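Only one structure is covered here, and it is reproduced in the block below.
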Amino acid sequence: MTNANPNAPAYRWLLLFWLFNALNVLFSVIDLPVVLFSGEAGQITLSNILALAAAVAQFYPFYQLGKLSDRLHRAFTVNIISVCAAVVGLISLLIALTDRPPYNSAAVITVMSLVVMAGVICLYVSQFFLYTGLEALRAERGYDYPSRLIRLCFFVPLICDIAAVLLDSALKTSISLFSKCFCLIVLGLFVRAARKSEIA
312 MTNANPNAPA YRWLLLFWLF NALNVLFSVI DLPVVLFSGE AGQITLSNIL
362 ALAAAVAQFY PFYQLGKLSD RLHRAFTVNI ISVCAAVVGL ISLLIALTDR
412 PPYNSAAVIT VMSLVVMAGV ICLYVSQFFL YTGLEALRAE RGYDYPSRLI
462 RLCFFVPLIC DIAAVLLDSA LKTSISLFSK CFCLIVLGLF VRAARKSEIA
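Residues in the sequence shown are numbered consecutively from 312, following the numbering used here.
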């Protein structure tokens, strides 16, 4: 990316990114008693749809943040790749599980599982670029915000995800909720620092 604008305002897009992130977490936690679809594989609730809508809406402020620096642009690009890989892999896996040849072969299922795994890895890479990019933005613009604190939004979820795999399954929900709330608080403080810097 060669057209990054390091002097463009960041607060508005950071705030929108944080708000959609918060809505995604909120709708992921609460369970609205409205079932839109129910089947043998499970059910889709209004909360699921609203959480998905908030996650999709995040892409616009994320895209705008990508215009601020090369690293943030890289974060957005890799995030898109991760989502595409995950969607393609999951759809292919669902087709493979229908027992329709040749899609139900072990080789196809293995390849599609690797595609999903690649999507997950890309997601972590995107998060690394995002939060290190925000750290660089903090340094460049002199935000009144602790050095390296925003990077914890990458490392804490990573540690929590590893812990969730290793620990009792009953703790997974609590660990995930802690991770999301921690990131919301830390990112919210970053947004406040950006606001103070740009309004001053």
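A virtual CB, placed ideally from N, CA and C, is assigned to each residue, including glycine.
All figures in this text were calculated on a predicted structure; none of them were measured in a lab.
When rounded, the separation of the alpha-carbon atoms in Asn-390 and Ser-380 is 15 Å. A residue is called buried when at least 16 other Cβ atoms come within 10 angstroms of its Cβ; Met-428 does not meet this threshold and is exposed.
Bounds of the alpha helix (DSSP H) holding Gly-499 are 483-510. Of the candidates Leu-337, Ala-364, Pro-372 and Phe-387, the residue whose Cα lies closest to the Cα of Tyr-435 is Phe-387.
The way I'd put it, the region 361-377 does touch the region 324-342; three or more beta-carbon pairs between them come closer than 8 Å. Between the C-alpha atoms of Leu-500 and Val-399 there is a straight-line separation of about 36 Å. Per DSSP, Asp-472 is one residue of the alpha helix (DSSP H) stretching across 463-477. If you ignore the 5 residues before and after Ser-490, its C-beta comes within less than 7 Å of the C-beta of Val-467, Pro-468 and Cys-471, all in its own chain and listed in chain order.
In this chain, Pro-457 is not harboured by any alpha helix (DSSP H), its DSSP state being neither H nor E. DSSP places Ser-339 inside the alpha helix (DSSP H), whose first and last residues are 322-340.
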